[in-house]
Amino acid sequence: MITAEWKPIEEMVGYLRGHKKVLVIGCATCVAECAAGGEREVETLAPLLAMAMQNDGNPVEVKSATLERQCEPEFVEAIAEAAAEADAIVSLACGIGMQLVAERFVDTPLYPGVNTTSLSLREEPGLWTSRCAACGDCVLGLTFGLCPVARCAKSLMNGPCGGTRTDGMCEINQDTPCIWRLIVERATARGRLEDLTQVRPPKNWSNSPAGGPKRMLREDLRS
Amino acid sequence: MSLRAGTKLEKVLAAGHFALTTEVGPPRGPDVDAVLKKARILKGLADGYNVTDNQTAVVRMSSIAGSKILLDAGLEPVAQMTCRDRNRIAMQSDLLGAAALGLRNILAISGDHQGAGASGKLKGHPGAKGVYDVDSMQLISIIKGMRDEGLQAGGDALTSKPAFFIGAAWTPLGPPIEFRVLRLAKKVAAGADFIQTQAVYDIKAFAQQMAKAVDMGLAEKTAILPGIIVPRSAGMLNYMNNNVPGVVVPQELIGRMKDASDPQAEGIKVTLELIEQVRELPGVKGVHLQAIEAEELLPEIINQAGLSPRPEV
Ligand code: SF4
Ligand code: SF4
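Sequence order for the protein chains is A and B. Just so we're on the same page, the working numbering is the position in the first sequence counted from 1, plus 26. Just so we're on the same page, the working numbering is the position in the second sequence counted from 1, plus 9.
Right under this line is the structure:
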């Protein structure tokens, strides 16, 4: 899923000074799953934000709504009326959902209530860890189903760097496993360590965000 | 075999001498004198002087500039290049620049993650965007392609071929240990002419990895120089054992440094023993000797190890 995490309330307060009627909106999909922007989080944030604005000397009226999916135009219509009444919208959806709302209600300022951070898996309750970086050239078939782009701190393609800790964790922190250690373990378990001995050439990043904004066109779906 | 770049390091190795390299870390400022000061202490003592590339992700004078200063002072540099700060375009451009300046030993490494700069007393730049467009393996093959084929990574021709003696790093004792020799093999296949290893203290464990490398024929295809860092205290060894990935220090050695009445003298003794021990291992072609922030200890150590004067080649 796409993960996001709340921005500091002070940052939101900074955005909202001068506004009077604020609509806080969430999304019941990814950001609900990662407990950042679902209905529960929206209903938690709305009063907190109202209180913070009050304390800041800029009282606002806060209303809230949670859309089924903030990245689909038909669902966004559900807040048309509420949006028309508001003079600012705070969205807790991912950056995609936020931009659709900003596009639909072009005269109403839209402020992010979350930072969109990753494409992650909920590994355990309360723990999300990266799985993909949308590199546009998937190598999972060469790495035993473990992604070295998103899960290696250096996106290495040819095995572990010299930084792997004694206990097999990544040099960046002691809680993140060195993904190359896991790749090697999985290859070993399958008796296929040989597969990792080929030198992989430089990766083509042109189909990743590095290549510029993505424009995926499917003629067969356009009529 | 004809020489690839004809550097002093390459010639020393080709002639079958036991090679010696050491390190010169550039300053955190534009201070030519700081580089020259180290150069004066170390001149004539080694066959190659590694100049680090923003080591531990802390901004320092560039390794290419530092290398050129050494070269002009009569020391042969090994310019390090990490994959952290440049994409393949900048790397190749800098490599051509390095070649134009007469720098021909290049050591290709992944580099510490940009977050590492903030781990010590310094602030570093943990908010920097790491590049990691290519990895060290790919950088090695890019350098080899430039040298041997006269081609850029993208396939365009260079106007002439730069001569490089290509180095790579090896962490023989890092996990997953079963892959470390295979990774060395990949680096050799990619084009590494010489290898400098992470600091070795556990000779037994290193000897096992070395034996595997020899079995695979790697020690003939590349010159392996184990890294030796002069131990200066039990605390330092403890720190390295616990915090520097891939460095394994036997407890016995830590105890020995702890019991020593003169840790510095003991550290020199340990270093001399380590040099002797790795020298006896089949396939070892030299040492990469460092005394971190204590370069002044090196002349004596190198003398006592019988590694001075360096062969004329
Ligand atoms: S290789 Fe690329 S596409 Fe595949 S999981 Fe990793 S980042 Fe995603
Ligand atoms: S320790 Fe492992 S996961 Fe971390 S940067 Fe190195 S290879 Fe990548």
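Quick reminder that beta carbons are idealized off the backbone N, C-alpha and C, glycines included.
Which of helix, strand or coil does DSSP assign to residue i?
{"i": "residue 90(B)", "result": "strand"}
{"i": "residue 241(B)", "result": "coil"}
{"i": "residue 31(A)", "result": "strand"}
{"i": "residue 84(A)", "result": "coil"}
{"i": "residue 91(A)", "result": "strand"}
{"i": "residue 115(A)", "result": "strand"}
{"i": "residue 141(A)", "result": "strand"}
{"i": "residue 114(B)", "result": "strand"}
{"i": "residue 59(B)", "result": "strand"}
{"i": "residue 200(A)", "result": "coil"}
{"i": "residue 167(A)", "result": "helix"}
{"i": "residue 206(B)", "result": "strand"}
{"i": "residue 232(B)", "result": "strand"}
{"i": "residue 119(B)", "result": "coil"}
{"i": "residue 157(A)", "result": "strand"}
{"i": "residue 162(A)", "result": "coil"}
{"i": "residue 177(B)", "result": "strand"}
{"i": "residue 75(A)", "result": "helix"}
{"i": "residue 148(A)", "result": "strand"}
{"i": "residue 195(A)", "result": "strand"}
{"i": "residue 108(A)", "result": "helix"}
{"i": "residue 246(B)", "result": "helix"}
{"i": "residue 172(A)", "result": "coil"}
{"i": "residue 269(B)", "result": "coil"}
{"i": "residue 213(A)", "result": "helix"}
With residue i as the anchor, note down where its beta strand (DSSP E) starts and where it stops.
{"i": "residue 231(A)", "result": "Note, residue 231(A): premise wrong, no beta strand (DSSP E); not H, not E."}
{"i": "residue 44(B)", "result": "Taken as a continuous stretch (DSSP letters only), residue 44(B) belongs to no beta strand (DSSP E), being part of the alpha helix (DSSP H) at 41 to 51."}
{"i": "residue 11(B)", "result": "Taken as a continuous stretch (DSSP letters only), residue 11(B) belongs to no beta strand (DSSP E), as it is neither H nor E."}
{"i": "residue 138(A)", "result": "136 to 138"}
{"i": "residue 32(B)", "result": "28 to 33"}
{"i": "residue 298(B)", "result": "295 to 299"}
Can you name the start and end residues of the alpha helix (DSSP H) that residue i belongs to?
{"i": "residue 276(B)", "result": "272 to 289"}
{"i": "residue 47(A)", "result": "Looking at the DSSP string, residue 47(A) is not in any alpha helix (DSSP H); the run it does join, the beta strand (DSSP E), is 47 to 53."}
{"i": "residue 56(A)", "result": "56 to 59"}
{"i": "residue 102(A)", "result": "99 to 102"}
{"i": "residue 125(A)", "result": "121 to 130"}
{"i": "residue 304(B)", "result": "Premise fails: residue 304(B) is in no alpha helix (DSSP H) and is neither H nor E."}
{"i": "residue 71(B)", "result": "That residue, residue 71(B), is in no alpha helix (DSSP H); it is neither H nor E in DSSP."}
{"i": "residue 22(B)", "result": "17 to 23"}
Could you tell me the distance, in whole angstroms, from the CA atom of residue i to the CA atom of residue j?
{"i": "residue 38(B)", "j": "residue 70(B)", "result": "6 Å"}
{"i": "residue 124(B)", "j": "residue 61(B)", "result": "17 Å"}
{"i": "residue 117(A)", "j": "residue 49(A)", "result": "8 Å"}
{"i": "residue 164(A)", "j": "residue 153(B)", "result": "27 Å"}
{"i": "residue 115(B)", "j": "residue 224(B)", "result": "27 Å"}
{"i": "residue 166(A)", "j": "residue 145(B)", "result": "20 Å"}
{"i": "residue 236(A)", "j": "residue 137(B)", "result": "16 Å"}
{"i": "residue 251(A)", "j": "residue 74(A)", "result": "Absent from the structure is residue 251(A), since the part of chain A shown begins at 27 and ends at 249."}
{"i": "residue 173(A)", "j": "residue 202(A)", "result": "14 Å"}
{"i": "residue 255(B)", "j": "residue 192(A)", "result": "7 Å"}
{"i": "residue 249(A)", "j": "residue 142(B)", "result": "39 Å"}
{"i": "residue 282(B)", "j": "residue 58(B)", "result": "22 Å"}
{"i": "residue 110(B)", "j": "residue 195(A)", "result": "40 Å"}
{"i": "residue 20(B)", "j": "residue 234(B)", "result": "15 Å"}
{"i": "residue 242(A)", "j": "residue 117(B)", "result": "37 Å"}
{"i": "residue 249(B)", "j": "residue 177(B)", "result": "21 Å"}
{"i": "residue 113(B)", "j": "residue 160(A)", "result": "38 Å"}
{"i": "residue 227(A)", "j": "residue 147(B)", "result": "6 Å"}
{"i": "residue 214(B)", "j": "residue 180(B)", "result": "12 Å"}
{"i": "residue 275(B)", "j": "residue 269(B)", "result": "6 Å"}
With a cut-off of 8 Å on the beta carbons, I'd call residue i and residue j a contact; round off their distance for me.
{"i": "residue 198(A)", "j": "residue 179(A)", "result": "4 Å"}
{"i": "residue 277(B)", "j": "residue 322(B)", "result": "Between residue 322(B) and residue 277(B) the Cβ distance is about 28 Å, and since that is not below 8 Å, they are no contact."}
{"i": "residue 46(A)", "j": "residue 86(A)", "result": "6 Å"}
{"i": "residue 319(B)", "j": "residue 27(B)", "result": "The pair is not a contact, with the Cβ atoms about 10 Å apart (cut-off 8 Å)."}
{"i": "residue 189(B)", "j": "residue 140(B)", "result": "The pair is not a contact, with the Cβ atoms about 25 Å apart (cut-off 8 Å)."}
{"i": "residue 89(A)", "j": "residue 62(A)", "result": "Wrong, their Cβ atoms sit about 20 Å apart, outside the cutoff."}
{"i": "residue 191(B)", "j": "residue 169(A)", "result": "So it is not a contact: roughly 15 Å between Cβ atoms."}
{"i": "residue 225(A)", "j": "residue 195(B)", "result": "5 Å"}
{"i": "residue 88(B)", "j": "residue 72(B)", "result": "5 Å"}
{"i": "residue 291(B)", "j": "residue 241(B)", "result": "That belief does not hold up - the Cβ atoms of residue 291(B) and residue 241(B) are roughly 30 Å apart, past 8 Å."}
Three or more C-beta pairs below 8 Å linking the segment 171 to 190 of chain B and the segment 225 to 232 of chain A: Result no; under three Cβ-Cβ pairs closer than 8 Å.
contact_flag[the segment 50 to 58 of chain B, the segment 303 to 321 of chain B] where n(CB pairs < 8 Å) is 3 or more: Cβ pair count under 8 Å is three or more, so yes.
contact_flag[the segment 183 to 190 of chain B, the segment 116 to 136 of chain B] where n(CB pairs < 8 Å) is 3 or more: With a cut-off of 8 Å, the segment 116 to 136 of chain B and the segment 183 to 190 of chain B do not count as touching, because too few Cβ pairs lie within range.
Residues, ordered as in the chain, of the segment 133 to 151 of chain B that lie near chain C by beta-carbon distance below 8 Å: No chain C is part of this structure, whose protein chains are labelled A and B.
Touch test, the segment 181 to 197 of chain A against the segment 124 to 135 of chain A, Cβ-Cβ under 8 Å, three pairs minimum: Contact between the segment 181 to 197 of chain A and the segment 124 to 135 of chain A is absent, because fewer than three Cβ pairs lie under 8 Å.
Validate contact between the segment 204 to 219 of chain B and the segment 284 to 301 of chain B using beta carbons, cut 8 Å, 3 pairs: Counting Cβ pairs under 8 Å, three or more are found: they touch.
Given 8 Å, three or more beta-carbon pairs between the segment 204 to 219 of chain A and the segment 130 to 138 of chain A: A contact is defined here as three or more CB-CB pairs under 8 Å, and the segment 204 to 219 of chain A fails this definition with respect to the segment 130 to 138 of chain A.
Contact between the segment 211 to 229 of chain A and the segment 138 to 154 of chain A (3+ Cβ pairs under 8 Å): No contact exists between the segment 211 to 229 of chain A and the segment 138 to 154 of chain A.
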